[in-house]
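Novice: For reference, the structure I am asking about is given below.
There are 2 protein chains.
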Amino acid sequence: MKALKNNLHTETGWEIVERAFDPEQQVTSGSNFMIGNGYLGYRGTFAEEEAEDYVACIVTDTWDTAEGSEWRELCNVPNGLFTRLFLDGEVLSAYAGEAQAYERRLHLRQGSYHRALTWRSPSGRGVQLRVEKFASYANVHLLAMRYTFTPQEAGRVEIVTGIDGQVWSLNGEHFRTYTPFTEGELIGMETETVEFGIRIDVVAGLRVHGPQPIQTEIEQEERRILRRLTFQLEAGERVTLEKMVAIFSSNDVAHPQQQAVKDVNAALQAGYDALLAAHAEEWDAIWAASDIQIEGDLEAQLLTRFNLYQATIATPTHAPLPIGARGLSCQVYQGAAFWDQETFNLPMYIYSRPDVARNILRYRYDTLDGARRKAQRLGYYGAFYAWTSGKTGEELFPDYFFTNVLTGRKIHNHFNSWQIHISPDIVYALWLYYEATGDWDFVVAYGAEIAFEVAQFLVSHVYFKMDKDRYEFIRLLGPDEYHENVDNNIYTNYLARFALQKALIIFERMQKENPEALKALLGRLGLDTGTPEAWRDIVERLYLPQPHPESRLLEQFDGYFQLEDITPEALRERLIHPEEYWGWPNGIAVETQVLKQADVLQLFALLDDAFPPEVMRANYDYYEPRTEHGSSLSPSVHAVVASKVGYEDEAYRYFLEGSTIDLYNASRKVMSGGSFLGGIHTAAAGAVWQMIVKGFAGMKVVGDGLYFAPALPASWKALRFKLVFREALVRVELTREEIILTAAENNALTLPITVGEGQVLLPAGARASLDL
Amino acid sequence: MKALKNNLHTETGWEIVERAFDPEQQVTSGSNFMIGNGYLGYRGTFAEEEAEDYVACIVTDTWDTAEGSEWRELCNVPNGLFTRLFLDGEVLSAYAGEAQAYERRLHLRQGSYHRALTWRSPSGRGVQLRVEKFASYANVHLLAMRYTFTPQEAGRVEIVTGIDGQVWSLNGEHFRTYTPFTEGELIGMETETVEFGIRIDVVAGLRVHGPQPIQTEIEQEERRILRRLTFQLEAGERVTLEKMVAIFSSNDVAHPQQQAVKDVNAALQAGYDALLAAHAEEWDAIWAASDIQIEGDLEAQLLTRFNLYQATIATPTHAPLPIGARGLSCQVYQGAAFWDQETFNLPMYIYSRPDVARNILRYRYDTLDGARRKAQRLGYYGAFYAWTSGKTGEELFPDYFFTNVLTGRKIHNHFNSWQIHISPDIVYALWLYYEATGDWDFVVAYGAEIAFEVAQFLVSHVYFKMDKDRYEFIRLLGPDEYHENVDNNIYTNYLARFALQKALIIFERMQKENPEALKALLGRLGLDTGTPEAWRDIVERLYLPQPHPESRLLEQFDGYFQLEDITPEALRERLIHPEEYWGWPNGIAVETQVLKQADVLQLFALLDDAFPPEVMRANYDYYEPRTEHGSSLSPSVHAVVASKVGYEDEAYRYFLEGSTIDLYNASRKVMSGGSFLGGIHTAAAGAVWQMIVKGFAGMKVVGDGLYFAPALPASWKALRFKLVFREALVRVELTREEIILTAAENNALTLPITVGEGQVLLPAGARASLDL
């Protein structure tokens, strides 16, 4: 068993194993050991724990505004797995008595959680405990738990298990009612949200295997419905409880209570093992498409799979719903999509599970109306996507987000109003999808409307400088959020032009190939065939900062190089309070060149061939030491760009930084600017795929084929993954000496693949090996 | 004697008389009783006082940066009038013993200061003291003092008098050397400034009248050169000292020491009375042109003359130098010109002493190069005048001005970079001068270059919105400094158009009348005859916010009406610290509709006929209760606009507020945002003329003549003043019933004058009376 950091271990790279419990890491380990399925996320806490231990079960599509708050966020629903064990009245707890042979384990391969220990109570009695659970992928509404205990001494054991409605919520109370009920042998609790009156039903059923309880009672406490089972056991007698919990909301089905009852009864009928098998089969399919194998570096292997796992369970696949910036690990960032979704999570799906990618883009189509309303509210038109996008695409981000910890006053952040790159980012993602899949039908049906509306938004935003004969974007906030209110942010300007170019291409191709669809779309949008002339004019005359002829540097925004030049470390010395927000309006970074993340490098990560390598290298050298990495999105971008410019060690260092943000709690900021920011950094998890495939393997699309420029970390013996390109599947195996490409038997396409100077055409079933 | 506030009195409206000394008012009374002549300002402190009592003698054209500071400001030079009296070793002081029959008096009529008291020492000895002084207008380098004392008991009296170089300085040490010297019977001190090495010489000479000292010694202390005179006197023996001080710097003459010695010797020769007579004659001429007589309201009479006096002594007339925002009363605001100069001080001179007005505008011509350099430094071209303009027009305003009193960090204010209205303001002033004087030669020689360069600056700043087919000004700070970073500030947009219109008019008239001068100018500026097309295009398509069709409201800037609507009083409750700065970036007013001053009203005050009265009234009603008057410029604007819209009581209330800012210390802010802001509010002083002439008399220029719409305050029986219009002098006498106009005998012009419906043509020497 390989020891990692923070009491964590792995055996095969398919599991994380915790050997000691550290109460200080409660927020983090709760996230790391979580189970989920894109519908719900259930944190990896202990069955006997409650709100103060950050127990949570976050359910998607339950956006509602907490009472007296301005935050519309997902609900933390009553905890259906709540279970306590009493040894002659002494309650089993991680905080009392003594734990022996403790182990908490997350099986990444099959998405299940295991906990085992022998607990010795303060008075000296012992019990062996084993808890297993999973959030089913076969039925995403289902949580299943198997709770097995064996007392070491004869005596009375009580189990109190039921539904705990005493849940915590980040921004206040989400439920106006908590209604416990029983239905046959099942217990349940129905809550109703305060804003929209969404009904959420949590129903639990129980089977006892082995010795049966001598007594069973239903108990109710405040917001709890519980079943108390009293056992009289001999030493060594083992009891197994199978607990099945179903969760439905009135946003899912018309009669959530009925459906939950039905599903729990079916689950009890099937039993834990059968349900687990069905669930594991789904994971088999996911991993078959998504797994990345690393040989020679077990830690990297585990980190990669851990992040792929977290990115996967954060992604709703049952409906077009957003991927939350913290997935379903907590309520932070409102369970809503940011640009993270397209920029950091989507690429993995585009090249491994394009159906999931399509679902994500479909979500952006479905939320166009929200984006239109936002544009209008702010004096623009077209589609200005929400910075924080829930189900409808309404802007969920509040005008006042951070708190000035020195004054207690709220800070007016402009992430929602000035960070306009979100709209072109979505067109970039659309194009990435189209380029990799060739799915023109999707573009015609959905993508064109997105692209045209984003183009119109850009028309409504851009300014023209008569005397310089150029367009400019004014008052922006780039990905580097420490610098608000800047002009001609290089990332924004380049992405905006990209989006306008693609809108033009789509328009022109539709004129030729889909004239009726185009006509209908223009009619619906109130545009005419002259509209694209405005897009073309901006494409041709938009100001695009160019590399300095000598230094080759690109300026992040107008005037950036005039700002104070100081290192992040020296700047940090100026903090008065450790939680101070570094950005707008007067954080310590605002008037300096210190970046939260580097927009120029972000641009390089997206636009593969826009700048020559020597420009990328000069800018990497300049911006890297000035970047504070205050964003979890930053290290992965550095890893990808470091790979591009040939900095292998640096790329690997950033790979480790980016992939350990959650597992090793490497993110320095659970609190920032007075805001709780705990939970899984979903985008960083998704970006692990990019660090490996775009970075170390150097993959990009060139023309109608794939291109590789591999640069494996020194310790890696081999790297293996699969890619889907235009419906053709190719298996990639990389060593330091060669790249082996294997096309699937049923590919319809012969794939052109370029590796440095070498090129192969890979027909179905073919295998090619190229020396590196 | 009429009692005013704060122990102040007046007899005739020509003097302020203080009857009791209040040490708490030291900063204020030092300013109020100051003497000066546009070259130097000498604060109205006591002869025996020193730095800690805010003694200061500020000399113009001595801009230099204090050691280790970023502040280029005027120097406080060694105090040549320093004089202490010892009664048998007990030093006379306002803080020890007892003062009887105390009086401090400022004679506004002749610009002289008097102090009288009988002082009883702690041990019970008495002395009668009388001190008179003035800063000569006949020779602006000269300070004269007459110091008379009469001991009440026989005994030894010592006088220590000399030059005190232990001066205070707002932002650190300005002198690298202090060199005391004697020259014949004179003593002197030469200092040399740290940045530019300006030599400043203060030379003092003394004559003793009456009993002569039994001993005279020269003494030196640190940075002091003193003469100790020991008298042995009988009770009631009176001694009079006449002390003459001359001040010259190497910016004034090549050999300042030589010149100062020469002038002091000449002054000693002439004697106090003769010098005073020559000085008073200059004041006679000033008052003959500038005085405003108010009958029936002695307080208003005194307030008016006090402010005219302060505005006058703050204005350099000996050379084209700026009027400091605090005049020469202290170093605050660096002795530099702001927009205050043109907008609040200039109008009085235009209509009463046009030669002084021309000198002020000439200063703006002389500083065009500084304005050009500023424009270039910030990425523009043309003339972007300094927000804080010293001798050369370089921007003196630092990027960091206020301090966040809650964190101790400096605040990045953008007064210097975003408050672009300063440039069109100067063109407005130029036009006001031209309109009132008809001085086309000045326009051709100087004004055209100012107007063209400002127009070019505006071209380089403005943006065009293609989709709205209009120009916009983005990222502004209007006169209301609580709202930085706004778009289409109404004041800025209207003034910018005004400036561009006038540049076009000047260009076109020069094409016809001064083609050679125009050609030369365009050549010098690198412009061609096509250049004005860009100005015309902006004039025609610039976005000018219009009154709402129903509410008639004008929006101060884009989005202002969406800000939180709260009263200044309620807002004030949110202060954590009383000295917090209310504005950028996160002061309490930033996100609210509370204004420091109202830009819409400021616009009404300048553009007489741009908006109909009902629009002005609706906007006055809206903006007045939302205005905090954090600026001393605000009350006068309210007074003028209140007069325009027929709110007579309100106009009078604001007149009192605006005219008592200094005399009654009504300015609430000696400290703001951690900055000392004491001293005379020169613009508020200058604005008293506007409140009366533009406000109560309702004067404006219409076509080629003058127009009046009088609305006298209820208590005023009569109001009299003179105006110069196109070199014709007219005396205006207003009562509530009639207006009497008398043209000077030697006028060349027949003046058309309109009063409501009535019109007269007033030839030289004519007198007309119109009923009101």
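Top line first, the protein sequences correspond to chains U and S.
Residue numbering for the first sequence follows our numbering, starting at 1 and increasing by one per position.
Residue numbering for the second sequence follows our numbering, starting at 773 and increasing by one per position.
The C-beta atom is built at its ideal place from N, Cα and C for all residues, glycine as well.
(1) Is there a Cβ from chain U that is less than 9 Å from the Cβ of R1181 of chain S?
(2) List the residues of chain S whose Cβ lies closer than 7 Å to the Cβ of S715 of chain U, in chain order.
(3) Who are the Cβ neighbours of Y1173 of chain S in its own chain at under 6 Å, not counting the five residues just before and after it?
(4) Determine the contact status of G1250 of chain S and G559 of chain U, defining contact as a CB-CB distance below 9 Å.
(5) Just tell me which of S:M1282, S:A1382 and S:V1311 has its CA closest to the CA of T1301 of chain S.
(6) I want to see whether chain S comes within less than 9 Å of H412 of chain U, judged by CB atoms only; does it?
(7) Below 8 Å on the Cβ atoms is my guess for I163 of chain U versus A204 of chain U; work out the distance and round it to an integer in Å.
(8) Return helix, strand or coil for Y147 of chain U, following the three-state DSSP convention.
(9) With C-beta atoms as the reference, is V637 of chain U less than 9 Å away from R353 of chain U?
(10) Name the residues in the segment 557-586 of chain U whose C-beta lies less than 7 Å from a C-beta of chain S; which are they?
(11) How many angstroms separate the CA atom of E1529 of chain S from the CA atom of E1510 of chain S?
(12) With C-beta atoms as the reference, is R1479 of chain S less than 9 Å away from L1379 of chain S?
(13) Using 9 Å as the threshold, is the C-beta distance between Q341 of chain U and A605 of chain U below it?
(14) Take every Cβ of the segment 834-850 of chain S, pair it with every Cβ of the segment 942-951 of chain S, and state whether three or more of those distances are shorter than 8 Å.
(15) Please state whether the Cβ-Cβ distance between T1175 of chain S and F1169 of chain S is less than 9 Å.
(16) Less than 9 Å between the beta carbons of A651 of chain U and A748 of chain U, yes or no?
(17) Put W1356 of chain S into one of helix, strand or coil per three-state DSSP.
(18) Of the choices U:T592, U:A697, U:Y664 and U:N7, whose alpha-carbon is the least far from that of V640 of chain U?
(19) Report yes if the C-beta distance between I830 of chain S and S1021 of chain S is below 9 Å; otherwise report no.
(20) Among S:Q1073, S:N1079, S:T1084 and S:L1074, which one has its Cα closest to the Cα of A1057 of chain S?
(21) Tell me which residues share the same chain as G703 of chain U and place their Cβ nearer than 8 Å to its Cβ, disregarding the 5 neighbours each side in the sequence.
(22) Can you name the residues of chain S whose CB is closer than 7 Å to the CB of R541 of chain U?
(23) Does the beta carbon of I474 of chain U come closer than 9 Å to any beta carbon on chain S?
(24) Please list the segments of the alpha helix (DSSP H) lying wholly inside the segment 1053-1118 of chain S, counting only runs of 4 or more residues, in order along the chain.
(25) Within the segment 783-815 of chain S, note down every full beta strand (DSSP E) run reaching 3 residues or more, in order along the chain.
(26) Between which residues of its own chain and W283 of chain U is the CB-CB distance below 7 Å, once the five residues before and five after are set aside?
(27) Name the residue from U:F306, U:Y178, U:V208 and U:P122 whose alpha carbon lies nearest to the alpha carbon of E15 of chain U.
(28) Check the C-beta distance from L1178 of chain S over to H1401 of chain S and give it rounded, since I have them as a contact under 8 Å.
(29) To the nearest angstrom, how far is the alpha carbon of G898 of chain S from that of Q924 of chain S?
(30) Alpha carbons only, please: which of U:P613, U:R572, U:R227 and U:H9 is nearest the one belonging to V208 of chain U?
(31) Would you verify that the beta carbon of D1300 of chain S is, or is not, closer than 9 Å to some beta carbon of chain U?
(32) To the nearest angstrom, how far is the alpha carbon of P1384 of chain S from that of E1396 of chain S?
(33) In chain U, which residues lie with their C-beta within 7 Å of the C-beta of E1363 of chain S?
(34) Shorter than 9 Å from the beta carbon of M1238 of chain S to some beta carbon of chain U?
(35) Would you decide whether F437 of chain U is buried or exposed? Buried here means 16 or more other CB atoms lie within 10 Å of its CB.
(36) Going by the beta-carbon positions, is the gap between A916 of chain S and M806 of chain S smaller than 9 Å?
Specialist: Reading from the atomic positions:
(1) Start at 1 with the first residue of the second sequence, and residue 1181 of chain S comes out as number 409. Output row for R1181 of chain S: interface = yes.
(2) Within the first sequence, numbered from 1, the residue matching residue 715 of chain U stands at position 715. Against chain S, the beta carbon of S715 of chain U has no neighbour under 7 Å; the closest one sits roughly 46 Å away.
(3) Position 401 of the second sequence, counted from the start, is the residue given in the question as residue 1173 of chain S. It should be noted that the sequence gives Phe, not Tyr, for residue 1173 of chain S. Short of 6 Å from the beta carbon of F1173 of chain S, and not among the five residues preceding or following it, lie these beta carbons of its own chain, in chain order: N1185.
(4) Here residue 1250 of chain S is taken as the residue at index 478 of the second sequence, counted from 1. Here residue 559 of chain U is taken as the residue at index 559 of the first sequence, counted from 1. Taking C-beta atoms as the reference points, G1250 of chain S and G559 of chain U fail to come closer than 9 Å.
(5) Your numbering for residue 1301 of chain S matches position 529 in the second sequence. Selected option, being the one with the closest Cα: S:M1282.
(6) As a working mapping, residue 412 of chain U is identified with position 412 in the first sequence. Yes, H412 of chain U counts as interfacial toward chain S.
(7) Within the first sequence, numbered from 1, the residue matching residue 163 of chain U stands at position 163. Within the first sequence, numbered from 1, the residue matching residue 204 of chain U stands at position 204. Correct: roughly 6 Å between the Cβ atoms.
(8) Taking the first sequence and counting its residues from 1, one reaches residue 147 of chain U at position 147. Strand, per DSSP.
(9) Locating residue 637 of chain U in the first sequence gives position 637, where the first residue counts as 1. Locating residue 353 of chain U in the first sequence gives position 353, where the first residue counts as 1. Not in contact: V637 of chain U and R353 of chain U (Cβ atoms no closer than 9 Å).
(10) Under the 7 Å Cβ criterion, the segment 557-586 of chain U contributes I576, P585 and N586.
(11) Numbered from 1 along the second sequence, position 757 holds the residue referred to as residue 1529 of chain S. Numbered from 1 along the second sequence, position 738 holds the residue referred to as residue 1510 of chain S. Distance between the alpha carbons of E1529 of chain S and E1510 of chain S is about 13 Å.
(12) Working through the second sequence from its first residue, we reach residue 1479 of chain S at position 707. Working through the second sequence from its first residue, we reach residue 1379 of chain S at position 607. Position check: residue 1479 of chain S holds Tyr in this sequence, whereas Arg was assumed. Going by C-beta atoms, Y1479 of chain S is not nearer than 9 Å to L1379 of chain S.
(13) Here residue 341 of chain U refers to the residue found at position 341 of the first sequence. Here residue 605 of chain U refers to the residue found at position 605 of the first sequence. In this structure, Q341 of chain U keeps its C-beta atom at 9 Å or more from the C-beta atom of A605 of chain U.
(14) Yes, the segment 834-850 of chain S touches the segment 942-951 of chain S.
(15) Working through the second sequence from its first residue, we reach residue 1175 of chain S at position 403. Working through the second sequence from its first residue, we reach residue 1169 of chain S at position 397. Contact check for T1175 of chain S against F1169 of chain S fails: the beta carbons are separated by 9 Å or more.
(16) Locating residue 651 of chain U in the first sequence gives position 651, counting from the first residue. Locating residue 748 of chain U in the first sequence gives position 748, counting from the first residue. Contact: no.
(17) Against the second sequence, residue 1356 of chain S aligns to sequence position 584. Coil at W1356 of chain S, not helix or strand.
(18) Against the first sequence, residue 640 of chain U aligns to sequence position 640. Of the residues U:T592, U:A697, U:Y664 and U:N7, the one whose Cα lies closest to the Cα of V640 of chain U is U:A697.
(19) Sequence index remark: in the second sequence, residue 830 of chain S carries index 58 (1-based). Sequence index remark: in the second sequence, residue 1021 of chain S carries index 249 (1-based). Pairing I830 of chain S with S1021 of chain S gives a Cβ-Cβ distance that is not under 9 Å.
(20) In the second sequence, counting from the first residue as 1, residue 1057 of chain S sits at position 285. Checking every option, the nearest Cα to that of A1057 of chain S belongs to S:T1084.
(21) The residue given as residue 703 of chain U occupies position 703 in the first sequence. These residues qualify, in order along the chain: P752.
(22) Position 541 of the first sequence, counting from 1, holds the residue named residue 541 of chain U. Contacts between R541 of chain U and chain S, judged by CB atoms closer than 7 Å, are missing: the closest CB pair is about 10 Å apart.
(23) Translated into positions along the first sequence, residue 474 of chain U becomes position 474. For I474 of chain U, at least one C-beta of chain S is nearer than 9 Å to its own C-beta.
(24) List check, alpha helix (DSSP H) in window: 1070-1085.
(25) Here the runs fully enclosed are 787-790 and 812-814.
(26) Indexing the first sequence from 1 puts residue 283 of chain U at position 283. Closer than 7 Å at Cβ, skipping near neighbours: R109, Q110, G111 and Y137.
(27) Against the first sequence, residue 15 of chain U aligns to sequence position 15. Scanning U:F306, U:Y178, U:V208 and U:P122 for the CA closest to the CA of E15 of chain U turns up U:F306.
(28) One-based indexing of the second sequence puts residue 1178 of chain S at position 406. One-based indexing of the second sequence puts residue 1401 of chain S at position 629. About 23 Å separates the Cβ atoms of L1178 of chain S and H1401 of chain S, ruling out a contact at the 8 Å cut-off.
(29) In the second sequence, counting from the first residue as 1, residue 898 of chain S sits at position 126. In the second sequence, counting from the first residue as 1, residue 924 of chain S sits at position 152. When the Cα atoms are used, G898 of chain S and Q924 of chain S turn out to be separated by approximately 5 Å.
(30) As a working mapping, residue 208 of chain U is identified with position 208 in the first sequence. For V208 of chain U, the closest alpha carbon among the candidates U:P613, U:R572, U:R227 and U:H9 is that of U:R227.
(31) Taking the second sequence and counting its residues from 1, one reaches residue 1300 of chain S at position 528. With respect to chain U, the C-beta atom of D1300 of chain S has no partner C-beta closer than 9 Å.
(32) Reading the second sequence from its first residue, position 612 is the one you call residue 1384 of chain S. Reading the second sequence from its first residue, position 624 is the one you call residue 1396 of chain S. CA-to-CA, the gap between P1384 of chain S and E1396 of chain S works out to about 18 Å.
(33) As a working note, residue 1363 of chain S is residue 591 in the second sequence. Chain U residues near E1363 of chain S: H412.
(34) Within the second sequence, the letter at position 466 stands for residue 1238 of chain S. Judged by the 9 Å Cβ criterion, M1238 of chain S is in contact with chain U.
(35) Taking the first residue of the first sequence as 1, we reach residue 437 of chain U at position 437. The identity of residue 437 of chain U in the sequence shown is Thr, whereas the question assumes Phe. Burial of T437 of chain U is indicated by the presence of at least 16 other C-beta atoms within 10 angstroms of its C-beta.
(36) By one-based count along the second sequence, residue 916 of chain S stands at place 144. By one-based count along the second sequence, residue 806 of chain S stands at place 34. No, these two residues do not count as a Cβ contact at 9 Å.
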